[in-house]
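Everything on this sheet refers to the single structure shown next.
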Amino acid sequence: MANATIQYYPVGNGDTSLITLEDKTTILVDCNIRNCDDDETYDVKKDLLQSVQYRNGIPYVDVFILTHGDQDHCRGFKKNFYQGAPEKYSEADKKDGLIRVDTMWFSPMIAEEHTNDDEDAYQLEAERRLALHRKNDANKDNPGNRIKIIGYDGSTDYKDLDYLRAKPGDTVNRFNDRNQVLFSIFIHAPFKEHLEALGDDKKNSTSIVFQARFKNTPYQQDFSTLAMFGGDSDHTSWCIILEKTKKYRNEHALKWDLFLSPHHCSWSFFNERPQEENPDPKKTSLEVLDYRRNNAKVIASSKKILNDEDNPPHYEAKQEYVKKVTEGNFLNTTTYNVVNKIPQPIIFEVTSQGIVKPKQTEGAAKVAGGAGLGIVNSPSKYGNGKV
Amino acid sequence: MEKFSDSLPVFINNIENPEIQDSLKLLCQIQGIQVKVLDWGNGRIAIPIEINIDLPSLGNFEDLDIRGKEPIILVFDLVNYPVSAPRVYTDRLDFPKNNLAHLYVAVNNRPPAFCYVRGNADEWYANKRIEDLVIRISNWLRDAATGELTENGEQYEPLRLEGYTGSIIYDYDTILTVITNKTAVEFGDKFSIVLFERPSSKGRYTYKFVKLITNKNALTTIKEVDEERKKDKEDITRKRYYFGYVLWSGEDVVKREYEINIPRSWEEFKLFCEYYNIKHQEFEKFITTCNKINEYIYFPVIIGIRRPSQLIGYSSNIEFINLRFNVTSADIEGEKIVNNISIDMLSHNQPLTQKLASHISGWDIALDSERHVVFGCGAIGSKIIMHLARSGQTNLTLIDPDYISPHNLVRHTLFGEDEGHRKAEALAEKIKKIYPYEQTNVTHGPSFKDGLIDQKSTFEKHNWVLDFTASEAFFNKLATLKSLDENKIASASISDFGNLGIMYKEGESRNPRVDDLQAYLYSLAESNKNIQDWLQREQKTAQSSSLIVQVGVGCNSETTVLSDDKISSHASYFSGILKREMTKSTKDGKIYLNNIIDTEDYMIETHVLNVKPFDIFQAVNDSSWTIRFKSGILEQLTKEFLLAGQTETGGVFVGVCNYKTKTIHITDSIKAPIDSKRSSTQFVRGYHGLAKEISEIENSSGRQIGYIGEWHTHPEGPNFLSKQDLVSVQQHKKECSQLQPPLPVFLSIITPDGIFPYVF
């Protein structure tokens, strides 16, 4: 079996991360699938269709975790993922490459109000599935109808579906109706406290935050890799996470080898914005970073980080990360690996010795062009005469 | 950092091999600098380069000292590149070679080379570029750092050695028993003797295991070896025996390190033994004082060393190092070897076992699998038998009275050396030679004599009975042989001038039986154009005036024109089916057709027909006759019976009768012609259109099938023939008995109690 991988797609300011386990189970964390009209955007959809598994010709992700409903975390959901009863998935849907979400992870606290169509679509689909479970429909446990409730309820009460729920402090090791021995997720947020939170950043602060834990053998004592995902969670969230996790003696859940910098390398992880007015990072945020393990890496899923006023990504935030992990271990999805002007995903493979870049792919002595070649898809002019 | 390449001189000659020039150019591009070209010696150049390795975040596996930048040396053969792939060495003198698998043991004071492909590097490189090799080495080092280099989990990768002078063939587990179970005499502490043989002086130096020397056989073996030594050296029956030695270390000495210098001389050997705590003194004393025991100056020595875990591909943690000593009397003084004699390495080959053969052929059969009997070791038979035997199935009883003739060699699996031998016996011998180190259970004979064939006990120990005799007589025998009632039966033959291979596989409890299947196949001619054409061709060839023509089967004549490849095509198809059936048998009867279409183009088509059990009856008046109805016919008759209500009705049967097996096969029923008359007491079968219908069936089946009898109903009984019926029988009999051959009169009546067949 191939090693598990973690893949951070280059999607500008936004998040799309794909976890692929040894058994090929895929877990997609957020999506920001943009149109690939220009020549400088990585085709995330095409990559996903090559990365996910197929059953009866239907592409599917095992789990979709939407950390929160901001546009840059769910862009393209409506267009690229199948919504509705899975038995009605049609040949036309197959042709369109609609990816079925076998199990949704849904936080009722997010997306309470309308903000964008993709978020609405996600919520609508979640509600469709929750209704099936509520009705105890015979199809409720079929792939494409499965759902897990993360955290606490908002205005709608799902107490009767508590068996579908995982709360902060819980460790999940069952994904899409299959138990995983080598992989689990520790849920940090959202908390009850978030319910009372107010203001513009409410959605951000109520992000699902979790630690993905990987092992390579069942008898391994420590984890091979720990990857932290936190949507757009801000410094107050992390302050609570730190406090609670310590309180319940779950320090192991704070450690990390990979840290997806919240809110696309925004200053909000370190303190209130604007940074000029709150230039000192909160102690608690810095403490979170100190839970890193050897050679840990911070991923900034954002535009190129320039020394300017922009936020996010925020140059000062990057500096704070670099202080902790060194420049070499701070990786920006836009600049990490650019091939023909197109940024490429950051991929790590999980080995028992920690994360490592995937093996380089060998070529061969024989070669032939494919239909996707630019040459094939554009006119080529020849001849001696003046054009 | 001190590098090995620092000690190499610069290569001063011109590089004329354009492929090397190209690859060097590419290496310069990859490295971004002009690479150095050094002289490796032996017509090779060495290119030192540095490659980047991505190391795992939590530190290297077992703290191996593998670095982010690793210097390596690529060595190109100036003449044979790129057919000969570059060898790649580490350029670090302090490379952690002792702890890594997939490294070749260093020789001639050079650093170890990477073993970067599992198979043949030259073959791999045939489809790769120099860039790919650099990537591969980088991935190799990355795997070493992440602990993923040993692909087979926690097992120990055996040493990779080079520079073998010959090979030694023995079963690892057999030699292992010398150490673990003391199955051989210990002539000293952890020191035993094994007899080897060199089968041929041609080809590579090869020793084959003969036997372990035990208390019981020691004296007889020495005598046996002496007898051979006495024979004339030119005598082709003279066997060349070698006493070889096995030495091993105690359980307390377990070594993990890969880097052991394989001893190349006597002095090195002694150091090697000391390192592994192997007592060489007694061994030395033995080979010096008993040096006359071996006729030849060369002899094999096997050293067993213990590894921390099980070796990949073997059953224990003991690794054998195989050496060849060269000791002359000049090297011996008293009980000492006084010269620093040279020692070579031998590569170990595991002998082929039936278990291994079955594994390699992807057919996992139990070793104590059931025995099968094969009748017919001709062209088809011999090939199928060898397919089974090469797949590890040697539990076979081969029966054939025939001898190999020169013309057989065109299509038989045997060779000229077997001319005049019995086919069955020669095949059994060949099978034994595939597995020379194992007991095979293959037996043979010309036939089951003295009524053995009729005894149940003969077949009790067999599961499958396979008929490749191409004999109609045996086919008939097979059909009715009662002693086979518990067996599974298949019969294969070739027809249609060798282009059609047919295999009949009987159903559960011998129903449908082989002859049922044959009748079934012929009955398909009515609806199947291919079968019709085939049977009509057969008829034309036979040019016989009799109704039933002999369908050509087999190729057992000198004049038969039929190529070996066609026979092989049929045989391989049938053998594939039989292997499946032997693993998991199917319930239904089956007919397998392998059709070679040899017209404008050469094509092969196969067809599988499933055949349901036949309905079987004994004739009411003469129980020696059996009537076998193709499935579905009785249902049809019952339907017609019910439909007619109180009125008598009837019809005509189509099929074939075999006097040899006293069997009538019914393959179809023709409804009463329209001019038939029916009443509650009488049925007069008309004949309008009947002749035409029968004639069509006759023609389409190439006269394999035709009119065979009649039936009518007694709606209210009785269950026997009426007076009127008997009168008709007499009339029919008059005509039928005049035929050549005569046709029995077959009449069935159907009553509410069932069907009652009569044969006269």
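Same order as they appear, the protein sequences are chains A and B.
Using the working numbering, the first residue of the first sequence is number 51, and each one after it goes up by one.
Using the working numbering, the first residue of the second sequence is number 288, and each one after it goes up by one.
The beta-carbon is built from N, C-alpha and C at its ideal position, and this holds for glycine as well.
Since this is a predicted model, take the numbers as computed values, not measurements.
*With 16 as the cutoff for other CB atoms within 10 Å, does residue 186 of chain A come out buried or exposed?*
Numbered from its first residue, the first sequence carries residue 186 of chain A at position 136. Exposed, since its Cβ has fewer than 16 Cβ neighbours within 10 Å.
_Residue-chain proximity (residue 358 of chain A, chain B), Cβ-Cβ < 8 Å_ = The residue given as residue 358 of chain A occupies position 308 in the first sequence. No - not a single Cβ of chain B is within 8 Å of the one on residue 358 of chain A.
*With burial defined as no fewer than 16 other Cβ atoms inside 10 Å of the residue's Cβ, what is the status of residue 278 of chain A: buried or exposed?*
Within the first sequence, the letter at position 228 stands for residue 278 of chain A. Label assigned to residue 278 of chain A: buried.
_Looking at chain B, is there any beta carbon in it that lies within less than 8 Å of the beta carbon of residue 405 of chain A?_
For this step, residue 405 of chain A is matched to residue 355 along the first sequence. It does: the Cβ of residue 405 of chain A has a partner Cβ on chain B nearer than 8 Å.
*What in chain A is Cβ-close to residue 422 of chain B, meaning under 7 Å?*
Here residue 422 of chain B corresponds to residue number 135 of the second sequence, with the count starting at 1. Going along chain A in sequence order, the residues near residue 422 of chain B (Cβ under 7 Å) are 410 and 412.
_Distance, residue 290 of chain B Cα to residue 430 of chain B Cα_ = The residue you call residue 430 of chain B lines up with position 143 of the second sequence. The residue you call residue 290 of chain B lines up with position 3 of the second sequence. In a straight line, the C-alpha of residue 430 of chain B is about 23 Å away from that of residue 290 of chain B.
*Continuous alpha helix (DSSP H) stretch holding residue 192 of chain A: start and end*: Sequence index remark: in the first sequence, residue 192 of chain A carries index 142 (1-based). It is not in any alpha helix (DSSP H) - residue 192 of chain A carries neither H nor E in the DSSP assignment.
*Assess, as a yes-or-no matter, whether the region 419-430 of chain B is touched by the region 389-403 of chain B under the definition of 3 or more beta carbon pairs within less than 8 Å.*
yes
*Can you pull the chain B residues whose beta carbon is under 8 Å from the beta carbon of residue 416 of chain A, in chain order?*
If you number the first sequence from 1, residue 416 of chain A lands on position 366. What residue 416 of chain A touches in chain B: 414.
*Kindly indicate which three-state DSSP category residue 933 of chain B falls into: helix, strand or coil?*
Along the second sequence, read from residue 1 onward, the residue named residue 933 of chain B stands at position 646. If DSSP states are grouped into helix, strand and coil, residue 933 of chain B belongs with coil.
*Going by DSSP, name the residue or residues bridged to residue 606 of chain B.*
The sequence position of residue 606 of chain B within the second sequence is 319, counting from 1. DSSP, once it has assigned bridges, lists B:592 as partnering residue 606 of chain B.
*Which chain A residues are close to residue 425 of chain B, counting only those with a beta carbon under 8 Å from its beta carbon?*
The count along the second sequence starts at 1 and reaches residue 425 of chain B at position 138. Those within 8 Å of residue 425 of chain B in chain A are 410.
*What three-state label does DSSP hand residue 699 of chain B in the structure shown?*
Numbered from its first residue, the second sequence carries residue 699 of chain B at position 412. Of the three classes helix, strand and coil, the one that applies to residue 699 of chain B here is coil, per DSSP.
*What's the C-alpha gap between residue 148 of chain A and residue 102 of chain A?*
The sequence position of residue 148 of chain A within the first sequence is 98, counting from 1. The sequence position of residue 102 of chain A within the first sequence is 52, counting from 1. Their backbone Cα atoms lie some 12 Å apart in a straight line.
_With distance defined between alpha-carbon atoms, name the residue in B:722, B:892 and B:1027 nearest to residue 496 of chain B._
As a working note, residue 496 of chain B is residue 209 in the second sequence. Of the candidates B:722, B:892 and B:1027, the one whose C-alpha sits nearest the C-alpha of residue 496 of chain B is B:722.
*What number of angstroms, rounded off, separates the C-alpha of residue 523 of chain B from the C-alpha of residue 517 of chain B?*
For the purposes of this step, residue 523 of chain B is taken as residue 236 along the second sequence, with counting starting at 1. For the purposes of this step, residue 517 of chain B is taken as residue 230 along the second sequence, with counting starting at 1. Cα to Cα, residue 523 of chain B sits roughly 13 Å from residue 517 of chain B.
*When we look at the beta-carbon of residue 331 of chain B and count the other beta-carbons within 10 Å, is it buried (16 or more) or exposed?*
On the second sequence, residue 331 of chain B is found 44 positions in, with the first residue counted as 1. Buried, by the Cβ-count rule.
_Amino acids of chain B, ordered along the chain, whose beta-carbon sits closer than 7 Å to that of residue 343 of chain A_ = Locating residue 343 of chain A in the first sequence gives position 293, counting from the first residue. Those are 345, listed as they occur along chain B.
*When you compare only the Cα positions, how much space is there between residue 871 of chain B and residue 710 of chain B?*
Position 584 of the second sequence, counting from 1, holds the residue named residue 871 of chain B. Position 423 of the second sequence, counting from 1, holds the residue named residue 710 of chain B. Spanning the two alpha carbons is a distance of roughly 29 Å.
*For residue 949 of chain B, which of B:854, B:462, B:499 and B:766 has the nearest alpha-carbon?*
Taking the first residue of the second sequence as 1, we reach residue 949 of chain B at position 662. Nearest option by C-alpha distance: B:766.
_Against chain A, with Cβ distances strictly below 8 Å, would residue 348 of chain B count as a contact?_
Reading the second sequence from its first residue, position 61 is the one you call residue 348 of chain B. Yes, its Cβ sits closer than 8 Å to a Cβ of chain A.
*Can you list the residues of chain A that residue 1070 of chain B reaches, using a CB-CB cut of under 9 Å?*
The structure shown does not extend to residue 1070 of chain B, since chain B is modelled only from 288 to 1047, so the question has no answer here.
*Residue span of the beta strand (DSSP E) that contains residue 473 of chain B, given as start and end*: Position 186 of the second sequence, counting from 1, holds the residue named residue 473 of chain B. Its beta strand (DSSP E) spans residues 473-475.
*Is it true that the CB of residue 75 of chain A sits closer than 8 Å to the CB of residue 225 of chain A?*
As a position in the first sequence, residue 225 of chain A is number 175, starting the count at 1. As a position in the first sequence, residue 75 of chain A is number 25, starting the count at 1. Yes, the Cβ-Cβ distance between residue 225 of chain A and residue 75 of chain A is below 8 Å.
*For residue 560 of chain B, does the count of other Cβ atoms within 10 angstroms reach 16, so buried, or fall short, so exposed?*
Locating residue 560 of chain B in the second sequence gives position 273, counting from the first residue. Flag for residue 560 of chain B reads buried.
*Are the C-beta atoms of residue 401 of chain A and some chain B residue less than 8 Å apart?*
In the first sequence, the residue the question calls residue 401 of chain A occupies position 351. Yes, residue 401 of chain A counts as interfacial toward chain B.
_Separation of residue 877 of chain B from residue 1016 of chain B, as counted between CA atoms_ = As a first step, residue 1016 of chain B is located in the second sequence; it is residue number 729 there, counting from the start. As a first step, residue 877 of chain B is located in the second sequence; it is residue number 590 there, counting from the start. One C-alpha to the other measures close to 37 Å.
_Span of the alpha helix (DSSP H), counted from its first residue to its last, around residue 365 of chain A_ = Counting from 1 along the first sequence, the entry for residue 365 of chain A is found at position 315. Run containing residue 365 of chain A: 365-375, per the alpha helix (DSSP H) assignment.
*Is there contact between the region 348-363 of chain A and the region 373-388 of chain A, where contact requires at least three CB pairs shorter than 8 Å?*
yes
*asked:* Just list the residues that DSSP pairs residue 762 of chain B with in beta bridges.
replied: Position 475 of the second sequence holds residue 762 of chain B. Residue 762 of chain B is not bridged to any residue.
*Nearest to residue 422 of chain B by CA position, among B:595, B:500 and B:341, is which residue?*
One-based indexing of the second sequence puts residue 422 of chain B at position 135. Here the closest residue by C-alpha is B:341.
*asked:* So, with DSSP's three-state summary, where would you put residue 693 of chain B?
replied: Along the second sequence, read from residue 1 onward, the residue named residue 693 of chain B stands at position 406. Reduced to three states, the DSSP call for residue 693 of chain B is helix.
*residue 790 of chain B bridges to which residues according to DSSP?*
For this step, residue 790 of chain B is matched to residue 503 along the second sequence. Looking at the DSSP assignment, residue 790 of chain B forms a beta bridge with B:779 and B:879.
*What residue does the alpha helix (DSSP H) around residue 670 of chain B start on, and which one ends it?*
Here residue 670 of chain B refers to the residue found at position 383 when the second sequence is read from its first residue. Unbroken alpha helix (DSSP H) run through residue 670 of chain B: 666-677.
_Residue-chain proximity (residue 307 of chain A, chain B), Cβ-Cβ < 8 Å_ = Position 257 of the first sequence, counted from the start, is the residue given in the question as residue 307 of chain A. Chain B contact via Cβ: present.
*Tell me where the alpha helix (DSSP H) around residue 756 of chain B begins and ends.*
Numbered from its first residue, the second sequence carries residue 756 of chain B at position 469. Where residue 756 of chain B is concerned, there is no enclosing alpha helix (DSSP H), given that its DSSP letter is neither H nor E.
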